[in-house]
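Numbered by the numbering used here, the letters in the sequence shown go through residues 1 to 200 in order. Glycine included, C-beta positions come from ideal geometry on N, C-alpha and C. To start, the structure itself, in structure tokens.
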Amino acid sequence: MARHTGRPRVKATGQRRSTLLDIARRGPERNARPATPANQKPATRRMSRATPPQLSARLLARLYTGMPALLLTVGADGFAHAAYTWAAAPDAQRIRFGADRGSVTIANLQRDGRAALQIVGPADVLFLVKGSVQIVRERIVAAPFPIALVEMTVSEVRDQAWPGVTVAPLAYEWPEDQRDAMRAMEQAVYAELREWEGNE
């Protein structure tokens, strides 16, 4: 095998490359590049903040009509388990959602009794809602497949939006030939989640 000796070759580009020695001589300020253009301020990232343990008027207005959500439960292995769902809030203290019967999600809810809902809606509605849960109805009648009706009692709400950033809302897209029927079904599910009064 041929042995290489001396310094590695650098392809010429017509411009002199800076060496570590050059950079050390010039100092860090002369070699630093601005992270953003001079006339553009970077987006300010802030930590999510906890709000009172109930839905704000803004969040309730969105959830009252119903919207898709990401449901997070605690698995038997201690890791988070995620599932998509429909959610609606009858008032500021409760959110109702669906969970597939016979699923890992249902098993987690029955075993642990806690859940979180990631809400991503229009106009920077970005919240994480946590609470205790109970299965209050074995079947959501309006759904075309067997899903249970679960009710969360809100214990913590975190506003996760931050200035300068917009997150696209979570939405379900259906095949074109099924779209009208599935959207009508969704609205019926939201109405049942919102209006169910505890009787069969």
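- Along the segment 74 to 150, the alpha helix (DSSP H) occurs as fully enclosed runs of 4 or more residues at 104 to 112, listed in sequence order.
- Relative to Glu173, the option among Met67, Ile119, Thr153 whose CA is nearest is Met67.
- The C-alpha of Leu60 is placed about 22 Å away from the C-alpha of Arg137.
- The beta-carbon distance between Pro122 and Pro169, rounded to whole angstroms, is 5 Å. This is short enough to meet the 8 Å contact definition.
- Judged by DSSP in its simplified three-state form, Glu192 adopts helix.
- Contact between Ala148 and Ala99 holds, since their C-beta atoms are separated by about 5 Å, short of 8 Å.
- In this model, Leu126 and Arg94 are separated by some 18 Å (Cα to Cα).
- Looking only at Asp177, Ala161, Val120, the smallest Cα-Cα distance to Leu63 is reached by Val120.
- The shortest CA-to-CA distance from Glu192 to any of Val74, Ile140, Leu128 is the one to Ile140.
- Asp124 sits close to Ala161, with the two beta carbons spaced by under 9 Å.
- For Ala161, DSSP records no beta bridge to any residue.
- In this structure, the CA atom of Ala83 is about 23 Å from the CA atom of Asp91.
- For Glu173, no pairing in a beta bridge is given by DSSP.
- The C-alpha of Arg111 lies about 28 Å from the C-alpha of Asp159.
- Excluding residues up to 5 positions away in sequence, Thr85, Ala87, Leu117, Ile119 lie with their Cβ nearer than 6 Å to the Cβ of Ala69 in the same chain.
- Per DSSP, Leu55 lies in no alpha helix (DSSP H) segment and is marked neither H nor E.
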